[in-house]
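A short write-up of the structure that comes next.
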Amino acid sequence: MKQRTVLISGAGVAGPALAYWLTRYGFQPTVVERSEGQRSSGNPVDVRGEAMDVAERMGVLPRLREAATSVSGMALVTASGRRLGQLPVGRPNGAEVEVPRADLAAILYDAAREHAEFLFGDFITALRQDADGVDVTFAKGAPRRFDLVVGADGLHSAVRRMVFGPASGYVRHLGMYVATLQLGYPAADPGTVPMYNMPGRSVSVHPVNGNAMAAFIFRSPAIPGLDNRDTAACKQIVLDAYRGGGWELPSLLDRLRAADDLYFDSVSRVRLPAWSQGRAALLGDAASCMSLFGNGSSLAITGAATLARALNATPDDYATALRTYETEHRVRVRPAQRGRLIAGALLVPATRAGITARDLAIRLLARPPAPASPRTQQNTKR
Ligand SMILES: Cc1cc2nc3c(=O)[nH]c(=O)nc-3n(C[C@H](O)[C@H](O)[C@H](O)COP(=O)(O)OP(=O)(O)OC[C@H]3O[C@@H](n4cnc5c(N)ncnc54)[C@H](O)[C@@H]3O)c2cc1C
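Under the numbering used here, think of the first position of the sequence shown as 1137, with each following residue one higher.
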């Protein structure tokens, strides 16, 4: 019997996870990734719930646990570095792990690479479907034909644009941007994420397996014409947004100026009435992104396993398989797309009064502050 071919656009989290499961079911997946290799940037992300079961079945759970951070709390800090209170971050009995996004993507890629084809540094330029397959042209590689094409190419999915039209119809900016970068030095405290707020801005330092990583989340209306791959423009936006801030901001912004690999994106929601059209389907953030607030990595993993299982159940009937995938996976996505307002208000209060009210509420709930770390003490003197 002819092996069925599936082209997957994107080797982030969803793409390699789907490639892994498809090879297990006897499909022949090819993953095309626009970047030359896997990127090192990105915050730690949570893998939890059903995604942990999927990871276990993939045999990657031990590596995820090895790569996991040991963060147990978040500390609110003032402009002078004084800690106001510490919020515990519960990960009961190892039932979920916090893993740097880059490690998660690399671990999933390692699981899939032996049996799936990966094409780095290339991307799809056009798709043309007929009753029996999809003709695909690439920016660099020769044209090829596949049985199915899956867009796992993230928030700004090119497959979605080619199949469903421009992002403006499906992507809604939620009034915030996020930037993350590796700081290139060890975190002062591997168990705690310190976070400092200015009105409409937050900056936190995440301990990521011995290294420190900064995350800037700030409120801003959509910036017209911004290309998030234009690193110089993105850096300038962050520098402008955080100018004059206290705590460790002066040194964090110096690191930002010198950074090679910056992740910068709009916090956005993707919502489409359907996730497939003919022989093209969407997966992960391309189909249903909630950026920071929606459990995107776990949903990418469970969505990939669900799509592969549905395709395996009816390999000769793509339409039924894609409908089954969508019905099953939408049940998980719906609750994740709620609750974003609360998370946004807690992490990035819009006003000084909002910060004060949030801090007060957290101090009432939280345990007493941990003693300041040597790094924080140094910065207090600034
Ligand atoms: C570099 C990076 C850093 C991130 N950091 C954070 C973070 O700090 N916090 C957070 O909450 N979320 C972050 N995310 C998003 C988060 O990883 C996703 O929500 C989640 O993992 C869903 O996975 P996904 O595979 O659907 O999308 P993604 O993980 O975004 O993966 C999509 C992949 O597709 C590739 N791609 C894009 N366009 C094309 C194209 N035209 N052709 C081929 N390939 C393409 C991208 O390079 C990427 O590898 C980050 C994403 C990236 C790419």
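Every residue, glycine too, gets a C-beta built ideally from N, C-alpha and C. Just so it is clear, the structure is predicted and the values come from calculations on it, not from any experiment.
Subject >> heavy atom of ligand 1 below 6 Å from Val1299 C-beta >> reply: For ligand 1, not one heavy atom lies less than 6 Å from the Cβ of Val1299.
Subject >> Nearest-angstrom Cβ-Cβ length linking Pro1335 and Ile1498, presumed shorter than 8 Å >> reply: Between Pro1335 and Ile1498, the beta carbon gap of about 17 Å keeps them out of contact (Cβ cut-off 8 Å).
**OP:** Would you check if the distance between the CB atom of Thr1205 and the CB atom of Glu1232 is smaller than 7 Å?
**Re:** No; because the gap between Cβ atoms is not below 7 Å, this pair is not in contact.
**OP:** Could you tell me which residues DSSP pairs with Val1181 in its beta bridges?
**Re:** Checking the DSSP bridge columns, you'll see Val1181 partnered with Val1235.
Original post:
Is Ala1288 near ligand 1, with its Cβ less than 6 Å from a heavy atom?
Top reply: Correct: Ala1288 has its Cβ closer than 6 Å to ligand 1.
Original post:
What do you reckon, is the C-beta of Asn1179 under 6 Å from a heavy atom of ligand 1?
Top reply: Yes, ligand 1 has a heavy atom inside 6 Å of this Cβ.
Original post:
Is any heavy atom of ligand 1 found at a distance shorter than 6 Å from the C-beta of Arg1237?
Top reply: A heavy atom of ligand 1 is found nearer than 6 Å to the CB of Arg1237.
Original post:
Does the separation of the CB atoms of Phe1400 and Cys1370 fall below 7 Å?
Top reply: Annotated as proximal: Phe1400 and Cys1370, with beta-carbon spacing under 7 Å.
**OP:** Determine contact between the stretch 1382-1389 and the stretch 1409-1421, defined as no fewer than three beta-carbon pairs at a distance below 8 Å.
**Re:** Output reads no: the stretch 1409-1421 does not touch the stretch 1382-1389.
Original post:
Quick one: Cα of Asp1453 to Cα of Arg1415, how far?
Top reply: Going by the C-alpha atoms only, they are around 10 Å apart.
**OP:** Flag this pair as touching only if the stretch 1351-1362 and the stretch 1245-1253 have three or more C-beta atom pairs under 8 Å; answer yes or no.
**Re:** Not touching, per the Cβ criterion.
Subject >> Expected contact under 8 Å - CB spacing of Thr1328 and Ala1211 to nearest Å >> reply: Rounded, the Cβ-Cβ distance is 5 Å, consistent with contact.
Subject >> Beta-carbon separation (whole angstroms), Val1341 vs Ala1323, contact threshold 8 Å >> reply: The distance from the Cβ of Val1341 to that of Ala1323 is about 6 Å, consistent with a contact at the 8 Å cut-off.
**OP:** Given a cut-off of 7 Å, decide if Arg1281 and Val1287 are closer than it, judged by their beta-carbon atoms.
**Re:** Residue 1287 is actually Gly in this sequence, not Val. No.
Subject >> Residue from Gln1174, Leu1310, Val1339, Asp1283 whose Cα sits closest to the Cα of Phe1163 >> reply: Among Gln1174, Leu1310, Val1339, Asp1283, the Cα nearest to that of Phe1163 belongs to Asp1283.
Subject >> Enclosing beta strand (DSSP E) for Gly1287 [first to last residue] >> reply: Start and end: 1284-1287.
**OP:** Leaving out five residues on either side along the sequence, give the residues of the same chain with a beta carbon under 8 Å from the beta carbon of Gly1195.
**Re:** Taking C-beta separations shorter than 8 Å and ignoring five residues to either side along the sequence, the partners of Gly1195 in its chain run Ala1247, following chain order.
Original post:
Helix, strand or coil for Val1484 per DSSP?
Top reply: Val1484: coil per DSSP, three-state reduction.
**OP:** Express the C-alpha separation of Pro1451 and Ser1338 in angstroms, rounding to a whole number.
**Re:** If I take the Cα positions, the gap works out to 48 Å.
Original post:
When the Cα atoms are used, what is the spatial distance from Thr1159 to Thr1438?
Top reply: A straight line joining the alpha-carbon of Thr1159 with that of Thr1438 spans about 16 Å.
Original post:
Mind checking whether Gly1350 and Leu1154 have CB atoms under 7 Å apart?
Top reply: Position check: residue 1350 holds Ala in this sequence, whereas Gly was assumed. Against a cut-off of 7 Å, the Cβ pair of Leu1154 and Ala1350 comes out as no contact.
Original post:
Do Arg1355 and Val1213 have their C-beta atoms within less than 7 Å of each other?
Top reply: No, these two residues do not count as a Cβ contact at 7 Å.
Subject >> Own chain, CB closer than 7 Å to Gly1305, minus 5 neighbours either side, in chain order >> reply: Cβ contact annotation for Gly1305 (same chain, cutoff 7 Å, sequence separation greater than five): none.
Subject >> Three-way DSSP call (helix, strand, coil) for Glu1384 in this model >> reply: Residue state for Glu1384 is assigned as coil, using DSSP reduced to three classes.
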